[in-house]
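Visitor: Numbering follows our numbering, in which position 125 of the sequence shown is assigned residue number 126; successive positions increment by one, without gaps. Mind looking over this structure? Questions follow.
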Amino acid sequence: MVHSVLKKFTPLRIHKALVKRTSHFSRLVRSGRIIVGRGSYGTPTVITYTGDDHTKLLIGNYCSVASSATFLLGGNHPTDRISTFPIRLRLSLDTGALDGFPSSKGHIELGHGVWVGHGALVVSGVTIGDGAVVAAGAVVTKDVAPYTIVGGNPARRIRDRFDADDIAVIEKSQWWTWSESRIAANADRLNGQIVGANRQ
2 MVHSVLKKFT PLRIHKALVK RTSHFSRLVR SGRIIVGRGS YGTPTVITYT
52 GDDHTKLLIG NYCSVASSAT FLLGGNHPTD RISTFPIRLR LSLDTGALDG
102 FPSSKGHIEL GHGVWVGHGA LVVSGVTIGD GAVVAAGAVV TKDVAPYTIV
152 GGNPARRIRD RFDADDIAVI EKSQWWTWSE SRIAANADRL NGQIVGANRQ
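Structure representation (structure tokens):
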């Protein structure tokens, strides 16, 4: 049974799918629509829309973004109109894409040290604060406070990662601005389990 399922996903097919996704991601990076900070990794799906060539995905330093995560840079349909169907755009009228169909709520911004889990969906206009965690499968429609773990649909606060004193110490350290050699030298501290014990 497993063997027959695996046969459908030959290395060639997987490779082509990955290349297609990473090529789109790379094009958006080259065009300036995606800005990725130092040390961050992952090639999520980033969906763009006709008529919007300025909304960006901004990823801070040392973020972990699942390649199965999706970021919608727009695609909103105004709900205060008789029809939510993009008539002008779909009928190729001169003013298509200039009437709010589709629209965006703004850039998506990830702070530093953010983790976005498998299958998460983040919509336009959302800011995810430093050190926040977006759980697998979460649908993020509102801003996420720094060092908060959110999950669900729509995403809601599960808990804070640290207490206020520890967060203040982490923010003051600005560890994501350190040189790579300094980060490596402090790996035990940065990846250690007890933040409070690491205070200076």
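Here a beta-carbon is modelled for each residue, glycine too, at the ideal position from N, C-alpha and C.
1) In whole angstroms, what is the alpha-carbon distance linking A186 and P79?
2) To the nearest angstrom, how far is it from the Cα of D164 to the Cα of W177?
3) Tell me whether N62 is buried or exposed, calling it buried when 16 or more other Cβ atoms sit within 10 Å of its Cβ.
4) G38 to I83, Cα distance in whole Å?
5) For the stretch 94-103 against the stretch 41-53, do three or more pairs of beta-carbon atoms, one drawn from each stretch, fall closer than 8 angstroms, so that the two count as touching?
6) Where does G193 land, buried or exposed, given buried means 16+ other C-beta within 10 angstroms?
7) Tell me, which residues are paired with T46 by DSSP?
8) Answer yes or no: do V117 and A156 have a C-beta to C-beta separation smaller than 7 angstroms?
9) Starting from the N-terminal side, write out each stretch of the beta strand (DSSP E) that is 3 residues or longer and does not extend beyond the stretch 166-199.
10) Can you tell which of S24, T46 and L58 has the C-alpha that lies nearest to the C-alpha of I35?
Guide: So, to answer that:
1) 51 angstroms
2) 20 angstroms
3) Under this definition N62 is a buried residue.
4) 42 angstroms
5) yes
6) exposed
7) T71
8) no
9) none
10) The shortest C-alpha separation from I35 is found at L58.
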